[in-house]
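Peer 1: Let me begin by handing over the structure; questions about it come next.
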Amino acid sequence: MQEFYKKALLALIVLLIVDALLAVFFVYQAFPTRALLPGHRDGARTHFGTYSDVSTGGRSTVRLHDASPDRLRFDFTLRETAYPFVAADLVLDDAKGRPVLEDWSRFRTITFVAKCAPATSLMMEVSTFDEKLSKPGQYATYVPPRTYFSCSEQGMPVTLDLTRLMIPEWWFPARKQDLALQAYRLDKVGKIMFGTSAVTPRNVASYVEIGELTLHGRDYRYLAALAAIILGGFAAFGGWFFLAHSRALLASVNSKMKINLPIVAYRQLTLEPYKDKEKASILRYIASTYTDPKLDLEAVAEGTGANRYKINEVLKSELGMTFTSYLNKLRLTEASRLLTEKSSAAVSEIAYLVGYSNVPYFNKLFKEEFGCTPKSFRMLSAQQGRQDGNPNPQSEQAPSDHPA
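Numbering (this note's numbering), first residue to last: 15 to 418.
Here you go:
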């Protein structure tokens, strides 16, 4: 059984390692991330741009502060006008500078660090392409869901839910769309824009810096698949362990029974008579009375006339056992035979028949000897008998008659 347990432990360790690797992979897939800054990624990139109200008659100014690829910073001054507005955007394009659309549908949130001076509230807008309304590269025709966030001079970590953006009201009449149709899709995103809001200070030299811009997703289907795979793996391991354990236990029981055959031969004392009468007397007496619950070394000495030293010497020389070990071996060997042949007899009854008045103690000794409980032994023996076509597999190994 030790070899089986070593194999089972090794299989369990391998299963745990595989599950750990799968967990890393599936968790990574379940929570994908996409860094938008720096802007180069697998041939795709982002480039920075600016927009102001100058195109609508305003006087606000805006310029990119530098060309650092890991942040978007722009300086601006917002001038008083009907609708003052400035913004900087990250336009998605390919290596040749052509506009591209990215699928952000697997992302749920966007995070970044927002710095600005003076502190204010700003707007973030995502431009999404609509097959019915939009024209490629003409971002004014894209659907513009947006939201607002706060920033400070020290920098504030911001997390925005991409699924809860709102399309501005003015866009619907401009595109002749129903105001109630607030739904938008993130499977074709053309650019992302950061701009001023209605509360941004006017006539003040200001700046905005956006860094660590990252998309985050959640796809619980991967976690469900991971749970199913892990449960399936442990179920398969459990099934294998049960079947393999039964086979190993059955092999162990058969091996124990073969080892115990010499004990049965000594018990019968008909195979080879002893020339040493005293030795024969001791062995015969034990073989004839081992089912007596009161049998002990003193009783054997009294029944045979041999002293305690002689009895132990005989058992050591013949069997390599002490008196107690030999007595238990005889009783447990006989118990294994009775468990096989007397399928209707209770375990407690068999314990009494072989000389044990304490059933729990009998169960303990039996499990130590055969590696399983008496009840399991009976089931395994019956299983072996069905496999071999022999209803009583032990009956061929051990004589069923009590010694005379």
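The beta carbon of each residue, even a glycine, is placed where N, CA and C say it ideally should be.
Across the region 240-258 and the region 165-184, are there enough close Cβ pairs to call them in contact, namely three or more that are closer than 8 angstroms?
Peer 2: Touching, no, given that fewer than three Cβ pairs across the two stretches are closer than 8 angstroms.
Peer 1: Per the DSSP calculation, E223 is bridged to which residue(s)?
Peer 2: Looking at the DSSP assignment, E223 forms a beta bridge with R87 and K129.
Peer 1: What are the uninterrupted segments assigned as alpha helix (DSSP H) that are 4 or more residues long and contained completely in the region 347-394, given in chain order?
Peer 2: Taking only runs of at least 4 residues, the alpha helix (DSSP H) segments lying wholly in the region 347-394 are 361-367 and 373-384.
Peer 1: Using three-state DSSP, classify Q282 as helix, strand or coil.
Peer 2: Annotation note: pLDDT 47 at Q282 (below 50); position unreliable, no value reported.
Peer 1: Below 8 angstroms on the Cβ atoms is my guess for R235 versus T177; work out the distance and round it to an integer in Å.
Peer 2: R235 to T177, Cβ: 17 angstroms. No contact.
Peer 1: Take V172 and list the residues in its own chain whose beta-carbon comes closer than 6 angstroms to its own, dropping the five residues that flank it on each side.
Peer 2: Cβ neighbours of V172 beyond the five flanking positions: F126, A128 and F163.
Peer 1: Where does D33 sit, in a helix, a strand or coil, going by DSSP?
Peer 2: Here D33 sits in helix by DSSP.
Peer 1: What first and last residue would you give for the beta strand (DSSP E) that runs through T60?
Peer 2: Its beta strand (DSSP E) spans residues R59 to S66.
Peer 1: Among M207, D306 and I296, which residue has its Cα nearest to the Cα of V314?
Peer 2: Residue I296 is the option with its Cα nearest to V314.
Peer 1: What does the Cβ neighbour count give for N342, buried or exposed, with the cut at 16 atoms within 10 Å?
Peer 2: Classification for N342: buried.
Peer 1: Quick check on S82: does DSSP put it in helix, strand or coil?
Peer 2: DSSP places S82 in coil when its eight states are reduced to three.
Peer 1: Mapping the DSSP letters down to three states, classify S211 as helix, strand or coil.
Peer 2: In this structure, S211 counts as coil in the three-state DSSP scheme.
Peer 1: If you compare alpha carbons, which of F88, D108, A96 and A197 is closest to A102?
Peer 2: Measuring from the Cα of A102, the nearest candidate turns out to be F88.
Peer 1: If I measure Cβ to Cβ from P447 and keep anything under 8 angstroms in the same chain, skipping five residues before and after, which residues do I get?
Peer 2: What the structure shows of the chain is the stretch from 15 to 418, and residue 447 is not part of that stretch, so it cannot be assessed.
Peer 1: I think S141 touches Y153, with their Cβ atoms under 8 angstroms apart; what is that distance to the nearest whole Å?
Peer 2: That pair is a contact at about 5 angstroms.
Peer 1: Quick one: measure Cβ to Cβ for T60 and L106, integer angstroms, because I've assumed they're closer than 8 angstroms.
Peer 2: Contact holds; Cβ gap of about 6 angstroms.
Peer 1: Determine the extent of the beta strand (DSSP E) in which F163 is found, giving its start and end residues.
Peer 2: Looking at the DSSP string, the run of the beta strand (DSSP E) that includes F163 is R160 to C165.
Peer 1: Using three-state DSSP, classify P150 as helix, strand or coil.
Peer 2: It is coil, neither helix nor strand.
Peer 1: Just to confirm, are L379 and I364 a CB contact at a threshold of 8 angstroms?
Peer 2: Going by C-beta atoms, L379 is not nearer than 8 angstroms to I364.
Peer 1: Find the nearest neighbour of V114 within the set A131, D201, P187 and L30, judged by alpha-carbon distance.
Peer 2: Minimum Cα distance to V114 is reached at D201.
Peer 1: Alpha carbon to alpha carbon, how far is Y97 from Y221? Give it in angstroms, no decimals.
Peer 2: Distance between the alpha carbons of Y221 and Y97: 19 angstroms.
Peer 1: What does DSSP give as the partner residue(s) for M335 in the beta ladder?
Peer 2: Paired residues: none, contrary to the question.
Peer 1: If you scan the region 295-325 from start to end, which runs of the alpha helix (DSSP H) of 4 or more residues do you find wholly inside it?
Peer 2: Fully enclosed alpha helix (DSSP H) runs of 4 or longer: 311-318.
Peer 1: Going by CA-CA distance only, name the one from L179, T91, W184 and V68 that's closest to I124.
Peer 2: Comparing Cα-Cα distances from I124 to each of L179, T91, W184 and V68, the minimum goes to L179.
Peer 1: How many angstroms separate the CA atom of A320 from the CA atom of E292?
Peer 2: Cα to Cα, A320 sits roughly 8 angstroms from E292.
Peer 1: Does P276 come out as helix, strand or coil in the three-state DSSP assignment?
Peer 2: With a pLDDT of 48 at P276, under the threshold of 50, the modelled position of that residue is not reliable, and no figure is offered here.
Peer 1: Given this structure, state the Cα-to-Cα distance separating H79 from G246, to the nearest angstrom.
Peer 2: Cα to Cα, H79 sits roughly 56 angstroms from G246.
Peer 1: Are S350 and F391 close, meaning C-beta to C-beta below 8 angstroms?
Peer 2: Yes, Cβ-Cβ distance for S350 and F391 is below 8 angstroms.
Peer 1: With DSSP collapsed to three states, give me the class of T75.
Peer 2: Strand.
Peer 1: Since R216 and R93 should fall inside the 8 angstroms C-beta cutoff, what is the C-beta to C-beta distance between them, to a whole number of angstroms?
Peer 2: Right, their Cβ atoms sit about 7 angstroms apart.
Peer 1: P187 lies in the beta strand (DSSP E); which residues open and close that run?
Peer 2: Taken as a continuous stretch (DSSP letters only), P187 belongs to no beta strand (DSSP E), being part of the alpha helix (DSSP H) at W185 to A188.
Peer 1: Report the rounded CA-to-CA distance for T75 versus K149, giving the unit in angstroms.
Peer 2: Spanning the two alpha carbons is a distance of roughly 28 angstroms.
Peer 1: If M137 and T210 are in contact, beta carbons under 8 angstroms, what's the gap, nearest whole angstrom?
Peer 2: The pair is a contact, with the Cβ atoms about 7 angstroms apart (cut-off 8 angstroms).
Peer 1: Which first and last residues belong to the beta strand (DSSP E) in which T142 is found?
Peer 2: Segment T134 to T142, the beta strand (DSSP E) holding T142.
Peer 1: Should A197 be labelled buried (16 or more other beta-carbon atoms within 10 Å of its own) or exposed?
Peer 2: By the neighbour-count rule (16 or more Cβ atoms within 10 Å), A197 is not buried but exposed.
Peer 1: Please work out which residues of its chain come closer than 7 angstroms, Cβ to Cβ, to L311, disregarding the five sequence neighbours upstream and downstream, and give them in chain order.
Peer 2: Answer for L311: R322, I325 and F337, listed in chain order.
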